[in-house]
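Data first, discussion second: the structure below is written as structure tokens.
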Ligand SMILES: NC(=O)c1ccc[n+]([C@@H]2O[C@H](COP(=O)([O-])OP(=O)(O)OC[C@H]3O[C@@H](n4cnc5c(N)ncnc54)[C@H](O)[C@@H]3O)[C@@H](O)[C@H]2O)c1
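Residue numbers (my numbering): 53 to 315.
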């Protein structure tokens, strides 16, 4: 531990699994008090307890990021338990498969409620605290799917492109209040969400007849650095954006993708 976030208070939505879990643990290793927020309470509690066992400081809270009240309760929990909020990683997400012709409206609404409106509502819940203290770092989770076309993820791509635009806009609106707002665009990191995406794409005939394992191998072979990512690859970028090392950076989206979009 080098204390890059010593004494800071961080909320991580979707912290109970995958990229959010790795980031919760990485932030705690660097000295942050971490509120692990997730709709899956068991996952959040497991991650918080693993952090505490490793000597860090963390606790779990239930949040449904699609609800304004739930996001506000999450922010209140951080204030009650740790006294302030320095950073939030708006990371919660779900699978979003389909194309523009076949997608049902309910599926569009759910995907965009969680990953676009949900990001806004999480930001909205913490901004008053950050504006009051004149400092804060918000990190939003986008995707390379918001930057380039990826077959079969139409509603997901729409939400993630929206996150990139929303991040830029909010950053401009809150720069003079001392609040920095950036987003990360990860490439493929095999997590439950990615496996679910591949399963659903195969289920609607969008994987060229390949099994999930075969389709993942094809994806792996397309990464110039030779492999898909690990959760820690994304957590390290989030850590940089949460820390003061990025104090002159706002409104940007950072692609972390093993060179995939460079081809
Ligand atoms: N894994 C990748 O390759 C990849 C690539 C680009 C972007 N992302 C993004 O990273 C984020 C995390 O994904 P992951 O791969 O770690 O997936 P994951 O499935 O491992 O974790 C997602 C977490 O979000 C939680 N969640 C879902 N809906 C929620 C809600 N309404 N309120 C609160 N929590 C909710 C889930 O319970 C889960 O714990 C997502 O936004 C995803 O779109 C992932």
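Backbone N, C-alpha and C fix where the C-beta goes; we use that ideal spot for every residue, glycine too.
Since we're looking at a predicted model, the values are computed, not measured.
query: Can residue 241 be considered in contact with ligand 1, in the sense that its beta carbon sits closer than 6 Å to one or more heavy atoms?
result: yes
- prompt: Are three or more beta carbon pairs between the region 73-83 and the region 153-160 nearer than 8 Å?
  reply: no
query: So is the beta-carbon of residue 179 under 6 Å away from any non-hydrogen atom of ligand 1?
result: no
Beta-carbon spacing of residue 137, residue 109 below 7 Å: no
- prompt: Which of the three DSSP states, helix, strand or coil, is assigned to residue 286?
  reply: helix
task: Tell me whether residue 62 sits in a helix, a strand or coil according to DSSP, three-state version.
output: strand
message: Assuming the contact rule is C-beta atoms closer than 8 Å, residue 168 and residue 215 should be a hit. Round their C-beta distance to whole Å, please.
response: Contact flag correct, Cβ pair sits at about 6 Å.
field: Local conformation of residue 141 per DSSP, three classes
entry: The answer is strand: DSSP assigns residue 141 an E or B state.
message: Taking contact to mean 3 or more Cβ pairs, one atom from each stretch, closer than 8 Å, check whether the region 62-70 and the region 269-280 are in contact.
response: no
message: So for residue 304, helix, strand or coil by DSSP?
response: coil
message: On the DSSP letters alone, give me the boundaries of the alpha helix (DSSP H) that residue 181 sits inside.
response: 170-185
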